[in-house]
Amino acid sequence: MESLAEAAEAAEGAAPQTRGEPALDGGMDGDSSCAIVGEKRVRCDAVTAMNKKKDHLRERLAKKIDLIEKAMAKSENKPLSAREATALDKWRHDVEAMNLELAGLEKKSEEAVVRKAMRQQAAEVAASRRSEKESENRHMSEAGVLALVDLRMRYESRIANHSDTVDSVWQHIHKDFVHMCDDVNLPRTARGVGSLRSK
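The numbers in UniProt numbering rise by one with no breaks, and the one at position 29 of the sequence shown is 29.
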């Protein structure tokens with residue numbers, strides 16, 4: 001009959017998995033790598049990676065606890081050998097270390113969830129602001145349109161005159177329009193030369 005230490009070695013596998021090697025579940029044992037698809041690594045977010053690490057640690061912890069229970073059951077029938085007693089002490093130490101590591105991962109996982117939610121909220125706010133700004137720039141107020149038409153009529157002779165380039169005339173119109181917006185308190189919208197030309 002094989003000893004508990006030999007059974008433990010068989011249960012844990014041949015060699016410990018090193019960082020970056022493929023895990024048993026098809027994922028990667030690492031901080032943020034999730035899987036290998038073809039020849040490429042597919043990255044995942046910190047929360048998913050943390051959950052994978054916790055699941056892997058829980059599996060290892062369950063195996064160690066099972067080994068300890070078997071050793072305790074065996075010690076009720078007959079005393080453990082020195083090698084088995086040493087292995088039992090090591091497993092108990094490993095279980096304590098894994099419990100501490102699992103508690104640390106739980107805390108980090110909660111922090112990662114909070115950070116992810118904050119990033120999503122910030123992205124939504126930024127997208128909302130961009131959308132509002134685009135909408136504001138796209139739609140000129142009626143007073144702004146009237147002011148622009150007035151300026152365009154004032155510069156009509158310069159636009160028709162071939163000695164001035166059309167671009168330079170529109171730059172003057174743009175400059176005057178910006179001053180007019182400031183003076184009359186019109187909304188500062190559609191200030192680009194290109195957008196003024198399209199109005």
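Quick reminder that beta carbons are idealized off the backbone N, C-alpha and C, glycines included.
C-alpha distance - residue i paired with residue j, whole-angstrom precision
i: residue 149; j: residue 128; result: 31 Å
i: residue 93; j: residue 100; result: 11 Å
i: residue 95; j: residue 58; result: 10 Å
i: residue 181; j: residue 121; result: 34 Å
i: residue 159; j: residue 130; result: 34 Å
i: residue 126; j: residue 63; result: 47 Å
i: residue 79; j: residue 65; result: 19 Å
i: residue 29; j: residue 44; result: Residue confidence is low: residue 29 scores 44 on pLDDT, short of 50, so the model does not pin down where it sits. Its coordinate-derived value is still stated next. Going from the Cα of residue 29 to the Cα of residue 44 covers about 12 Å.
i: residue 142; j: residue 135; result: 15 Å
i: residue 155; j: residue 123; result: 43 Å
i: residue 161; j: residue 173; result: 15 Å
i: residue 179; j: residue 166; result: 20 Å
i: residue 77; j: residue 56; result: 33 Å
i: residue 67; j: residue 75; result: 12 Å
i: residue 153; j: residue 133; result: 28 Å
i: residue 157; j: residue 171; result: 15 Å
i: residue 144; j: residue 114; result: 44 Å
CB contact flag (residue i, residue j, <9 Å)
i: residue 54; j: residue 102; result: yes
i: residue 176; j: residue 151; result: yes
i: residue 98; j: residue 60; result: yes
i: residue 88; j: residue 50; result: no
i: residue 47; j: residue 116; result: yes
i: residue 91; j: residue 73; result: no
For residue i: DSSP bridge partner residues
i: residue 154; result: Answer is none; residue 154 lacks a bridge partner.
For residue i, three-class secondary structure by DSSP
i: residue 165; result: coil
i: residue 109; result: helix
i: residue 75; result: helix
i: residue 81; result: coil
Original post:
Counting Cβ pairs closer than 8 Å, one from the stretch 101-119 and one from the stretch 66-86, do we hit at least three?
Top reply: Contact between the stretch 101-119 and the stretch 66-86 is absent, because fewer than three Cβ pairs lie under 8 Å.
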